[in-house]
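Everything on this sheet refers to the single structure shown next.
There are 8 protein chains.
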Amino acid sequence: MAAKVGIIMGSDSDLPIMSKAAEILDLLKVEYDMTVISAHRMPDVFFDYAKSAEEKGYKVIIAGAGGAAHLPGMSAAIFPMPVIGVPIMTKALGGVDSLYSIVQMPSGIPVATVAINGALNAGLLAAKILAVSDPDLLERIKAYAASLKDGVSAKAEKLEKLGYEAYMKEMN
Amino acid sequence: MAAKVGIIMGSDSDLPIMSKAAEILDLLKVEYDMTVISAHRMPDVFFDYAKSAEEKGYKVIIAGAGGAAHLPGMSAAIFPMPVIGVPIMTKALGGVDSLYSIVQMPSGIPVATVAINGALNAGLLAAKILAVSDPDLLERIKAYAASLKDGVSAKAEKLEKLGYEAYMKEMN
Amino acid sequence: MAAKVGIIMGSDSDLPIMSKAAEILDLLKVEYDMTVISAHRMPDVFFDYAKSAEEKGYKVIIAGAGGAAHLPGMSAAIFPMPVIGVPIMTKALGGVDSLYSIVQMPSGIPVATVAINGALNAGLLAAKILAVSDPDLLERIKAYAASLKDGVSAKAEKLEKLGYEAYMKEMN
Amino acid sequence: MAAKVGIIMGSDSDLPIMSKAAEILDLLKVEYDMTVISAHRMPDVFFDYAKSAEEKGYKVIIAGAGGAAHLPGMSAAIFPMPVIGVPIMTKALGGVDSLYSIVQMPSGIPVATVAINGALNAGLLAAKILAVSDPDLLERIKAYAASLKDGVSAKAEKLEKLGYEAYMKEMN
Amino acid sequence: MAAKVGIIMGSDSDLPIMSKAAEILDLLKVEYDMTVISAHRMPDVFFDYAKSAEEKGYKVIIAGAGGAAHLPGMSAAIFPMPVIGVPIMTKALGGVDSLYSIVQMPSGIPVATVAINGALNAGLLAAKILAVSDPDLLERIKAYAASLKDGVSAKAEKLEKLGYEAYMKEMN
Amino acid sequence: MAAKVGIIMGSDSDLPIMSKAAEILDLLKVEYDMTVISAHRMPDVFFDYAKSAEEKGYKVIIAGAGGAAHLPGMSAAIFPMPVIGVPIMTKALGGVDSLYSIVQMPSGIPVATVAINGALNAGLLAAKILAVSDPDLLERIKAYAASLKDGVSAKAEKLEKLGYEAYMKEMN
Amino acid sequence: MAAKVGIIMGSDSDLPIMSKAAEILDLLKVEYDMTVISAHRMPDVFFDYAKSAEEKGYKVIIAGAGGAAHLPGMSAAIFPMPVIGVPIMTKALGGVDSLYSIVQMPSGIPVATVAINGALNAGLLAAKILAVSDPDLLERIKAYAASLKDGVSAKAEKLEKLGYEAYMKEMN
Amino acid sequence: MAAKVGIIMGSDSDLPIMSKAAEILDLLKVEYDMTVISAHRMPDVFFDYAKSAEEKGYKVIIAGAGGAAHLPGMSAAIFPMPVIGVPIMTKALGGVDSLYSIVQMPSGIPVATVAINGALNAGLLAAKILAVSDPDLLERIKAYAASLKDGVSAKAEKLEKLGYEAYMKEMN
């Protein structure tokens, strides 16, 4: 089956963050392709990628970038279906530069922006977008949400039972 | 046909902004419901809304809120399909408070955030999400994008023809 | 005697900070319960908690959360007595996101916000709120304040006696 | 009956904002005193005020100030019961200066901070603090919360009935 | 003679600002072309523009844009000679979003960024770049700088002569 | 008697703010000179001014500037006695740019920075610096402080007497 | 001879920074006292300190504090001669909170603010203030400035001689 | 051949960053001089440098500085050809102070500002400015851009071949 999600990032230094998008898509059994592509360093390659993305069968593009982050917005300028932007944290400005460069798009070219370094949520959002027309995927998403809830419940029970001092000792 | 998009806002003072989401959905012939609902002032009503949204047939929720804006994130905590958040501009902080309250969601509960006051883009993003499985809608979205391009082209031609001084006189 | 203060946090990673609220309440002999509860990952559990809090005898809720921090504000939307919010420091934005998400509440739903990571002050503020109708607790709070003053006085004396170079050597 | 809440502000230019605290306390039938007092321009008068506040019967102090806003924090340094701080919006920095000067208090001296210009919420929070030991006041607070909810419900109904275009026309 | 400077902007709403670049180039007798071109709304047109710019004889491109401002950076990704970016002031964030989106470029793709709304300086900088190999233009630039100095000197003399009260009366 | 304070500003558009420094010095009977001088547009004139300032008898320089505000810091690089910097409010960034450009000086070249648009305080600070060795001036400063206190006291009395509603009516 | 400068700080954790003020005053042979004093934890002690400071012979007070930093401003409210404020860097907000709390003082109560952690400059500024009426001290300040210049000149020469690669190797 | 680019920095602590400008100029075979020069600590030396720069044959100056960074702007006030400013990252404010001090220049004195710590781009921009009249240099710049593209392409291929897990293992 053809991949439905394209994951791209401006630099391989973003991979430790962006791989979280791949992991959640793996978990939710959503096919994806992932590559490094720089709108700045290889504009032609990027243009070809974005222009052919619909034809290749992508339904959603997830783009991560940091600093003056143009990859998500430029993808959204070319690809007609949803583009999700992941602002990568930066050393000097903490990622506010990435966030503003991605979220403050002009009318007509939306980028669905998630939190700074929020690649897991980007993957999950891509899955939710596909789940609009895929009831089985929606069930898997609900099961994932239930597992998150169970995780917190278990921690709550443990904290109530052990007390905070014992709990914190175990954290270390 | 049942509405596929639910548009909610925390206060009717957000309506002049949020109505832009409705306008673009009207243009793209996407059915929607729109109401005022406050997660803070009527948490029970809000909970019922969010819980029954899937059953009612909504595929996407667009939530606009300002300041400590919890409506989009709390919707995403309950509704399993995509939630789009619109940070409303605020008087004191320009909407940075709204933006941070909406975009900085924890792992597992994404909100697809658009620009401050970016309600038009929220509506368009909702349409793009639905267009993933609706080729006719996708065509209408492409036609809309083409019309934006034509609009800029016309302005470019006019500016090149008139020169900036004459063009600016006509702007006033 | 029933606990008068409920301490909640969105994630157990907040515990090293939030435990400072418990410590000061221990010192001031104020009963409290503490648990992990996520408004985002377990909205139903959270709603039950907030709705039953008055009945359980809580007079104050202390809620700590980071990023798009909705736990304090949503608690204040449901629980009718004072809610104290603790913005947790975040890696990317230093906790400005948490602070804005907690303090910028709309009219009608106040959250008593303390400093970023200010959980000790949250516990102390809860005690001060209870001390409004508990003269013995008020005395204990005054004694605590006196001890803080004595601590600074001792340091001042030592610095004046040793000089800054010797004092700084002892600090290491 | 003696006033239980003292409302102070650094300048009479803060009165249009700070009067909202008085209005909600009037509505909730809570006695208060209100005056202008400057920690900077009349430190002696301020010290006397803060030191005698407990004796005069105040249970809560609400202090509003803008810029390098020291009034709330200095009140909290002297008065042993809860102090609520209202950061006043400023022309140059929007009130971020006021907010940081009030909320970022050191350990041991909490100020219960509300939103920028959030004087209504300050008054309501003072009432909630008093309601911890005043069941009748708690009922009045609940009734006020219900009225807020009804206000939003009425707007929601009207919007659903009229549609957004008609609703917006009526807004003007 | 072919134009040496291309001035582009993302929207004609930027024209009142961007026209300042044209005015100073007119004054300094530097040939330029000016048009509206949107990297987001007409990516193909933009790509053709940027790719053919060298061939057309442009030596410098001045690009103004606001919000998630990608026009300057994408121009710099394609055009091999200097690109000057003008961050346009925005309503919500004052232009910090535009500034970060333009200045925080990754290694290898510099954009020479000027102040928010600093289009006059962008034009002057373009002239200075051309003046590196055009001594006559350099002389005109020096004459312009001298005229600025004379302007301030005249004001200084007037202020020293009239005193501030009379001077301010004349300002109104 | 020679003027002891030199007041300079980067542009005559700063005069409505900077004149407040002159007014308070007039009130406190401190001699000053005031002129417009641009470190950027007339660096030679500025250098001569700063270098000859000690010889002319200035004991303090007050420098106001906005944006990338270099006038105060460059004055402090040349003039060996105290330099007071006034950050002028800016349209795009509210004066944070001016503030950072003035206050964040490197070791060895202090600028005594006051609030954004705080020219009155700059004048008063200059007077306080001179009052260190001028007991009569110190008395005039104390009298001014007393008058500020009386002003607030009068407002406090009026507010306590009239109530806030009547007081606010009179404000309009 | 009595000390002319009082150095105070809100906490002994500020000593490693504030000691730089003492060091430069030692170097310039200016007498000072230094102690820890908390406006928040010991308001009475602080008030006595500030009130008696003139009588004790202080001509300048240097006050360092972090977060909601009230020590400099409250000192300036009581002590009639110059007060210099040192904003201490903070973990969450980098010291912007300290800076705003110190610099944004209202009309009538100036604080001469230096850079975040700029205690050396605070000491130097205090010396410059005293040097207004002490020609010998002024000479020592000029000699110190000359030594700074010589330090940079030596580095410049070395860099020009060695080249950057060799220079950087020696730095490690 | 005389150097065409002058690289200056306010302190040798900036050298590890500023050396990147030298490295790229070395790579592109552009002659440059590099030294340490402080506008604040040695204003006379700085003035001589800036005034004689044109005569010495410099065509571009690259100036790096941090905090209240005046070196780039003051260079631009004196040197008539392009000045490129590099904002150096700072500990407290991440370099926002440096950025604002450099980029927010008034009309008439542009500084071509690059990213925080963006010295490599400053060097590359200087080369692009010279390449406007040097076709051979332009070819070398294009070859450098091609090498950047090839670098990303190689990484993309490797990631597509290895998958993200294997790729990330090799990164460590």
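Chains as they are written, first to last, in the working numbering: chain A, 224 to 395; chain B, 224 to 395; chain C, 224 to 395; chain D, 224 to 395; chain E, 224 to 395; chain F, 224 to 395; chain G, 224 to 395; chain H, 224 to 395.
Backbone N, C-alpha and C define an ideal beta-carbon position, used for all residues, glycine too.
Note that the structure is a prediction, hence the values are computed from the model and not measured.
Own chain partners of residue i with C-beta closer than 7 Å, once the 5 adjacent residues on each side are dropped
i: C/ASP235; result: VAL259
i: C/LYS351; result: ILE364
Cβ-based burial, residue i [other Cβ within 10 Å; buried from 16]
i: C/SER298; result: buried
i: B/GLY346; result: buried
i: D/ASP320; result: buried
i: E/ASN340; result: buried
i: B/ALA379; result: buried
i: C/SER370; result: exposed
i: C/ALA366; result: exposed
i: D/ASN344; result: buried
i: C/ALA377; result: exposed
i: D/SER275; result: exposed
i: H/PRO266; result: buried
i: H/LEU348; result: buried
i: B/LYS384; result: exposed
i: E/MET394; result: exposed
i: H/PRO310; result: buried
Where residue i falls: helix, strand or coil (DSSP)
i: E/VAL253; result: coil
i: C/VAL268; result: helix
i: B/GLY287; result: strand
i: H/MET328; result: coil
i: F/PRO333; result: coil
i: D/PRO358; result: helix
i: B/ILE364; result: helix
i: E/MET232; result: strand
i: D/PRO305; result: coil
i: F/ILE352; result: helix
i: A/ILE339; result: coil
i: F/ILE260; result: coil
Rounded distance between the beta-carbons of residue j and residue i, thought under 8 Å
i: H/TYR323; j: F/ALA291; result: 7 Å
i: G/GLY472; j: G/ILE240; result: Given a span of 224 to 395 for chain G in the structure shown, any question on residue 472 of chain G remains unanswerable.
Residue i: contacting residues in chain A (beta-carbon distance under 7 Å)
i: C/THR258; result: ALA379, LEU382 and GLU383
Own chain residues within Cβ distance below 8 Å of residue i, not counting five before or after
i: D/LYS381; result: TYR390
Sequence-distant residues of its chain with Cβ nearer than 6 Å to residue i (five each side left out)
i: D/VAL334; result: PRO295, GLY296, ALA299, VAL306, GLY308, ILE325 and MET328
i: E/LEU361; result: ALA354
i: C/PHE269; result: ILE260 and ALA262
Residues that residue i contacts on chain G, provided the C-beta gap is smaller than 8 Å
i: H/LEU316; result: GLY317, GLY318, VAL319 and ILE339
Within chain B, partners of residue i - CB distance below 7 Å
i: D/TYR387; result: LEU238, SER242, ALA245 and MET257
Chain D residues whose Cβ lies nearer than 7 Å to that of residue i
i: C/SER356; result: VAL355 and SER356
i: F/LYS365; result: Within 7 Å Cβ-Cβ: nothing; F/LYS365 doesn't reach chain D, min ~13 Å.
Interface partners of residue i on chain E, CB under 7 Å
i: F/TYR235; result: In the sequence under discussion, the amino acid at residue 235 of chain F is Asp, which differs from the Tyr named in the question. What F/ASP235 touches in chain E: LYS378 and LEU382.
Residues that residue i contacts on chain H, provided the C-beta gap is smaller than 8 Å
i: A/MET312; result: Simply none; closest approach about 12 Å.
Contact list for residue i against chain D, beta-carbon separation under 8 Å
i: C/PRO295; result: Those within 8 Å of C/PRO295 in chain D number zero; the least Cβ separation is about 12 Å.
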